[in-house]
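Asks:
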Amino acid sequence: MKVTLNNFDKAFENRIRLQIMSVLVANESYDFNSLKELLDVTDGNLASHLKALEKEEYITVNKTFLGRKPNTRYVASELGRAAFKRHLQELENLIRQQKA
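The numbering of the sequence shown is UniProt numbering, which starts it at 1 and goes up by one.
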């Protein structure tokens, strides 16, 4: 049986973007520093992947101040949640195909 990857979302091909969406779908929101620590990535690396997800409109960005310190929080958008769910479903389909 031939496996097609046409329904996989390219936005989630990267491990870090897949991890970011996993965290955001499982939580109401997450801030930049907590994501950086959890995923063990650099500021620049995380920022570039967050920007890619934001460009796809899969996440929303909320910038506030806690006292004098900036705080940036990220939330998975409804579009992002739906895309992530479809991507996971395709992964499950791929696994099922391999078992058949």
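Don't be surprised by glycine CBs; every beta carbon is placed ideally from N, CA and C.
1) With distance defined between alpha-carbon atoms, name the residue in F65, L39, L66 nearest to V23.
2) Would you check if the distance between the CB atom of D9 and the CB atom of R86 is smaller than 8 Å?
3) Going by Cα to Cα distance, which pick from K55, R73, N62, L94 is closest to L79?
4) For a test of the three-state rule: what should DSSP assign to F32, helix, strand or coil?
5) Within 10 Å of its beta-carbon, does F12 have 16 or more other beta-carbons around it, so buried, or fewer, so exposed?
Replies: Taking the structure as given:
1) L39
2) yes
3) K55
4) helix
5) buried
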